[in-house]
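So for the sequence shown, the working numbering puts the first residue at 10; every next one is plus one.
Inspection log for the structure reproduced underneath, given as structure tokens.
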Amino acid sequence: MEKFEINILGCGSALPTTKRFTSSQMVNIREKLFMIDCGEGTQIQFRKMKCNFNKLNRIFISHLHGDHVFGLPGLISTLSMLGRRGELVIHAQPDAEKVFRPVLDYFCKESDFRVCFESFNSNVNSVIYEDKSVKVSAFPLKHRVPSAGFLFEEQARPNHLIPEMIAFYQIPVHCLKDIKNGDDFVTEAGELIANSRLTRPAEKSRKYAYCSDTAYSEKIIPWIEGVDLLYHEATFCEADLARAKETFHSSARQAAEIACKANVKQLMLGHFSARYPDVSLLLKEAQSVFPNTIAATEEMVVQVGE
Ligand SMILES: [Zn+2]
Ligand SMILES: [Zn+2]
């Protein structure tokens, strides 16, 4: 199966600790890297995890709170020092460019690559990026400031050829691409060979959803329904639910309730408050509602759909 994995660079919430970095992760789809959020220290984690800076072309920012964006100037400045070329695109709400353009103009003047901001409206569900491998949509979360969740959907893959059948009908090489994409084949004698006899269906497309930061919100369920892996913030444990409500965050148990109602396959908790050096209680509270739950840790790599 082709690569679709999540590298956790940081999974702490706003207050940094010596154990956790603030929010950032790297989605690797077929060796293309997409960063989600870029908290302070992201570039250090990027190095630790030996991610290839040259393969990073796009960064998706959920919202403009410091623990999700303070790593941007440092990362961009480092890319510049490493001789990066081409273009780096930052998908974020319109204010991101207002905030960061002057900083980049001041500190990264001599950079050989362009940083482009592509803004999106975080109040609606829309496709914000698409290529041959992946489609990325944004959808509204419920937070103190406008905040977006992201859905990464692998694009449909071509069917698999059945070699014995291809050989049997002596199908020319130039026809194979169309057959992989669903065409039937007509022999020289005019016999129609149905595509289903020549190919096996491709594996189902996998989906990953990122929801952080957000209060408990059932409105997000239709957008994340049935995903293979859901990353949902779990800033607090149940005893601190009042604090979660006040700050528009979720408890671990609430994250699990969303996972359950959205019928996702696996849940990963993250964005843990600094008050919990050990998150085993949060994990236990979530697992009592949704057993297939894991807790993110720095430098963890999770395969989507396994
Ligand atoms: Zn946050
Ligand atoms: Zn926030």
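Where is the CB? At the ideal position from N, CA and C, for every residue including glycine.
- The straight-line gap separating the alpha-carbon atoms of Pro149 and Leu239 is approximately 15 Å.
- Inter-residue distance for Lys57 and Ser33 is about 13 Å (C-alpha atoms, whole angstroms).
- The DSSP-derived three-state label of Ser289 is helix.
- Looking at the backbone, the Cα of Leu81 and that of Cys47 are separated by about 6 Å.
- In the same chain as Glu14, and ignoring 5 residues on each side of it, the C-beta atoms closer than 6 Å to its own belong to Asn37, Val310, Gln312, in chain order.
- DSSP places Met277 within a strand segment (E or B) once states are collapsed to three.
- Ligand 2 has a heavy atom closer than 7 Å to the beta-carbon of Asp222.
- Within 7 Å of the C-beta of Ser22 there is at least one heavy atom belonging to ligand 1.
- Counting only runs of 3 or more residues that sit fully inside the region 102-144, the beta strand (DSSP E) segments are 123-128, 135-139, in chain order.
- Counted as a single uninterrupted DSSP element, the alpha helix (DSSP H) harbouring Thr87 occupies residues 81-90.
- The beta-carbon separation of Thr208 and Ile171, rounded to 6 Å, stays under the 8 Å limit for a contact.
- Beta-bridge partners of Arg67 (DSSP): Phe43, Val98.
- Of the candidates Ala165, Ile188, Phe161, Glu162, the residue whose Cα lies closest to the Cα of Met174 is Ile188.
- Per DSSP, the continuous alpha helix (DSSP H) segment holding Leu207 begins and ends at 204-207.
- Here the distance from the Cβ of Ser32 to the nearest heavy atom of ligand 1 is below 7 Å.
- A Cβ-Cβ distance of about 37 Å is found for the pair Arg262 and Ala211, leaving them out of contact under the 8 Å criterion.
- Beta-bridge annotation (DSSP): Thr244 is not paired with any residue.
- Taking Leu250 as the centre and dropping the five residues before and after it, the same chain places the C-beta of Ser260 closer than 7 Å to its C-beta, in chain order.
- Closest by C-alpha distance to Ile99, out of Met44, Ser131, Ala248, is Met44.
- For Lys107, the closest alpha carbon among the candidates Val182, Cys125, His152 is that of Cys125.
- Membership of Glu255 in any beta strand (DSSP E) is not indicated; the residue belongs instead to the alpha helix (DSSP H) covering 250-255.
- Between Asp222 and Glu242, the CB-CB gap stays under 8 Å.
- With contacts defined by Cβ atoms closer than 8 Å, Lys12 and Glu40 form a contacting pair.
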